[in-house]
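Q:
So this is what it looks like as structure tokens:
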């Protein structure tokens, strides 16, 4: 009996000592039921052998568990409040086969004195901060952690390049129209405006009243699936042929204000 107890004690002592990392969060992503993140400071310990070369700096959290959801919430809070986190490794790969699993996360009460150039989202005034940006933006949107804190990350769409804008002007800068079926507010980067369709029941709002006038169209220019610019092209159609287009109506955005949000 004494031998078994001694053997058990030796096994416990021989287990790998948990490694810790304290730093600010530089990136947070969701992959299915798993959250992965990196810290601004590299790991000081040697990751387990299961970790692939390309994921040496990543950590993984299983979002299917209550513990994992709680840790994810702490990460979002840390990003929004610019706080440090202390991460404990589980010493294995679990949620993802080649990413180091997190065993425990704790918030450090100290704020990050230097934010490591983490980009942030501001209202159109360029002064009022909305939150810190997380990860790599998509082709027309970003994810951010609200400065007031949240249980999850938020999405901001910064360009509605799929919204068709028609115009009576060659440069598409004024006299602009949009499909009457555009029900949601859209941000048009080219105009730096949030817009919606005006009331289609008002005859004066319809593009068709301009009869044989030439109609131009705003066309996005893509590069690697990202809208980089716009050009105004001749549609070859007249106003009377586009009966379902109505005047755009500038509409302040609930988050950004009169113009687009600013990333800096």
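In mature numbering (1 follows the signal peptide of the UniProt record, and there is no 0), the protein residues as written are -21 to -1, 1 to 243. No residue lacks a Cβ here, since even glycine has one placed at the ideal position from N, Cα and C. This structure is a prediction, so every number in the text was calculated from the model and none was measured.
1) Let's test the definition: count the other Cβ atoms within 10 Å of the Cβ of residue 213 and tell me whether it reaches 16, buried, or not, exposed.
2) Tell me the DSSP secondary structure of residue 61 in three-state form.
3) By the DSSP assignment, the beta strand (DSSP E) with residue 183 in it spans what residues?
4) Which same chain residues, not among the five before or five after residue 196, have their C-beta less than 6 Å away from its C-beta?
5) Under 8 Å by Cβ, that's how I've got residue 239 and residue 218 pegged, so tell me the actual separation to the nearest angstrom.
6) Note down, in chain order, each residue of its chain lying with its Cβ closer than 8 Å to the Cβ of residue 228, except the 5 sequence neighbours on either side.
7) What residue from 6, 154, 44 has the CA that sits closest to residue 38's CA?
8) I'd like to check one pair, residue 23 with residue 36: are the Cβ atoms closer than 8 Å?
9) Assign residue 155 to buried or exposed, taking buried as 16 or more other Cβ atoms, counted over all protein chains shown, within 10 Å of its Cβ.
10) If we ignore side chains and look at the alpha-carbon of each, how far apart do residue 82 and residue 9 end up?
11) Check whether the Cβ atoms of residue 122 and residue 109 sit closer than 8 Å, and answer yes or no.
12) I'd like to know whether the C-beta atoms of residue 13 and residue 41 end up nearer to each other than 8 Å.
13) Output the distance between the C-alpha atoms of residue 120 and residue 137, rounded to the nearest integer angstrom.
14) Please report the distance separating the alpha-carbon of residue 72 from that of residue 113.
15) Please check the pair residue 235 and residue 59, which I expect to be a contact at CB under 8 Å, by giving their CB distance rounded to whole angstroms.
16) Check for me: the beta strand (DSSP E) holding residue 109 runs from which residue to which?
17) In angstroms with no decimal places, state the Cα-to-Cα distance between residue 30 and residue 51.
18) Could you name the residues of the same chain whose beta carbon sits closer than 8 Å to that of residue 169, not counting the 5 residues immediately before and after it, in chain order?
19) In chain order, what residues of the same chain lie with their CB nearer than 6 Å to the CB of residue 232, ignoring the 5 residues before and after it?
20) Round the Cβ separation of residue 260 and residue 65 to the nearest angstrom and send it over; I've been treating them as touching at under 8 Å.
21) Residue range of the beta strand (DSSP E) that residue 14 falls in?
22) Classify residue 106 as buried or exposed, calling it buried when 16 or more other Cβ atoms lie within 10 Å of its own Cβ.
23) For a test of the three-state rule: what should DSSP assign to residue 54, helix, strand or coil?
A: In terms of the structure at hand:
1) As a first step, residue 213 is located in the chain shown; it is residue number 234 there, counting from the start. Looking at its Cβ environment, which holds fewer than 16 other Cβ atoms inside 10 Å, residue 213 is exposed.
2) Here residue 61 refers to the residue found at position 82 when the chain shown is read from its first residue. Secondary structure at residue 61: coil, using DSSP grouped into helix, strand and coil.
3) In the chain shown, counting from the first residue as 1, residue 183 sits at position 204. Segment: none, residue 183 is in no beta strand (DSSP E) and carries neither H nor E.
4) Numbered from 1 along the chain shown, position 217 holds the residue referred to as residue 196. Excluding sequence neighbours, residue 196 sits near 145, 212, 214.
5) Here residue 239 refers to the residue found at position 260 of the chain shown. Here residue 218 refers to the residue found at position 239 of the chain shown. With a Cβ gap of about 29 Å, residue 239 and residue 218 do not count as contacting.
6) To locate residue 228, count along the chain shown from 1; it is residue 249. Hits under 8 Å: 174, 175, 176, 177.
7) The residue you call residue 38 lines up with position 59 of the chain shown. For residue 38, the nearest C-alpha among the options comes from 6.
8) As a working mapping, residue 36 is identified with position 57 in the chain shown. As a working mapping, residue 23 is identified with position 44 in the chain shown. Contact flag unset, no.
9) The residue you call residue 155 lines up with position 176 of the chain shown. Buried, because 16 or more other Cβ atoms sit within 10 Å of the Cβ of residue 155.
10) On the chain shown, position 103 is the one that residue 82 refers to. On the chain shown, position 30 is the one that residue 9 refers to. One C-alpha to the other measures close to 18 Å.
11) For the purposes of this step, residue 122 is taken as the residue at position 143 of the chain shown. For the purposes of this step, residue 109 is taken as the residue at position 130 of the chain shown. With a cutoff of 8 Å on beta-carbon distance, residue 122 and residue 109 are scored as not near each other.
12) What you label residue 13 is simply residue 34 of the chain shown in a count that begins at 1. What you label residue 41 is simply residue 62 of the chain shown in a count that begins at 1. Going by beta carbons, residue 13 and residue 41 fall inside the 8 Å limit.
13) Stepping through the chain shown from its first residue, residue 120 is reached at position 141. Stepping through the chain shown from its first residue, residue 137 is reached at position 158. Cα-Cα distance, rounded: 5 Å.
14) By 1-based counting over the chain shown, the position of residue 72 is 93. By 1-based counting over the chain shown, the position of residue 113 is 134. Straight-line Cα distance between these residues: approximately 23 Å.
15) Counting from 1 along the chain shown, the entry for residue 235 is found at position 256. Counting from 1 along the chain shown, the entry for residue 59 is found at position 80. Wrong, their Cβ atoms sit about 18 Å apart, outside the cutoff.
16) Start at 1 with the first residue of the chain shown, and residue 109 comes out as number 130. Run containing residue 109: 108 to 113, per the beta strand (DSSP E) assignment.
17) The residue you call residue 30 lines up with position 51 of the chain shown. The residue you call residue 51 lines up with position 72 of the chain shown. Residue 30 and residue 51 have their C-alpha atoms roughly 21 Å apart.
18) By 1-based counting over the chain shown, the position of residue 169 is 190. Closer than 8 Å at Cβ, skipping near neighbours: 144, 151, 197, 209.
19) Residue mapping note: residue 232 aligns to position 253 of the chain shown, counting from 1. 173, listed in sequence order.
20) Lying outside -21 to 243, the shown extent of the chain, residue 260 is not represented and no answer is given.
21) Your numbering for residue 14 matches position 35 in the chain shown. Start and end: 13 to 18.
22) Start at 1 with the first residue of the chain shown, and residue 106 comes out as number 127. Burial call: exposed.
23) Working through the chain shown from its first residue, we reach residue 54 at position 75. Three-state result, residue 54: helix.
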